[in-house]
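Working notes, beginning with the structure itself.
Here it is as structure tokens:
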């Protein structure tokens, strides 16, 4: 019986020592976390600088204003998620990355959408990016390729342009990417159910399917270079499949 009592007392003592160790560890952890919180909350980590990178359409000041980013608040308190949401609400901003850089800098890195073409809309123009996203509406004719012949279904900036001719629009935009990469420029294009008519000059056009034009860019460049040398600015360049290209002069 005495042995059993001795074992019980020993077990109780061990249990008390174990509880004391846990309490000491917990107390030390709380003190460390409290000290860390005080350290990170100190003015040492106040935001002193906001850096904007890879912007072209917006100025750094505009980006900072849109994001509602500000200096003076603690770097770790700054709500970078809310900043990102506000920036992504802008149609011209495709993606954004916001980083905290010790001790007091916020870095905002942008991926902006760029204007690729314009679509007439009741006397105004909708500017769209290469993927068909509507960026904004303007009352003046922009120095972009004007796409005619679309029956518009949606017109809201920040949403994809929707038209009854969506498939043809997608083909036309893919073609325009190839044209731009080849350093060519079409003043305007007219979309129809069969082909598109692209205007190089007012009276010099290119006719063919978007696919044929896209696949024969080099042949088109060669023809245009030859016409430029000859001073010819009137006529029709017809592009077919298998590299077929012909030129029909327009008689004045």
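Residue numbers (the numbering used here): -6 to 245.
Here a beta-carbon is modelled for each residue, glycine too, at the ideal position from N, C-alpha and C.
{"Item": "How big is the Cα-Cα spacing for residue 246 and residue 178?", "Value": "What the structure shows of the chain is the stretch from -6 to 245, and residue 246 is not part of that stretch, so it cannot be assessed."}
{"Item": "Could you have a look at residue 180 and say whether DSSP puts it in helix, strand or coil?", "Value": "coil"}
{"Item": "Per DSSP, residue 67 is paired with what?", "Value": "39"}
{"Item": "When you compare the CB positions of residue 100 and residue 64, do they come within less than 8 Å of one another, or not?", "Value": "no"}
{"Item": "Buried or exposed for residue 85, please, with buried defined as at least 16 other CB atoms from any protein chain shown within 10 angstroms of its CB.", "Value": "buried"}
{"Item": "Please determine if the region 67 to 74 and the region 116 to 133 are in contact, where contact requires at least 3 C-beta pairs separated by less than 8 Å.", "Value": "no"}
{"Item": "What are the residues that DSSP puts in a beta bridge with residue 211?", "Value": "Answer is none; residue 211 lacks a bridge partner."}
{"Item": "For residue 204, does the three-state DSSP call read helix, strand or coil?", "Value": "helix"}
{"Item": "Using only the alpha-carbon positions, how far apart do residue 140 and residue 112 sit?", "Value": "5 Å"}
{"Item": "What first and last residue would you give for the alpha helix (DSSP H) that runs through residue 57?", "Value": "53 to 60"}
{"Item": "Give the DSSP-derived three-state secondary structure of residue 73 in the structure shown.", "Value": "helix"}
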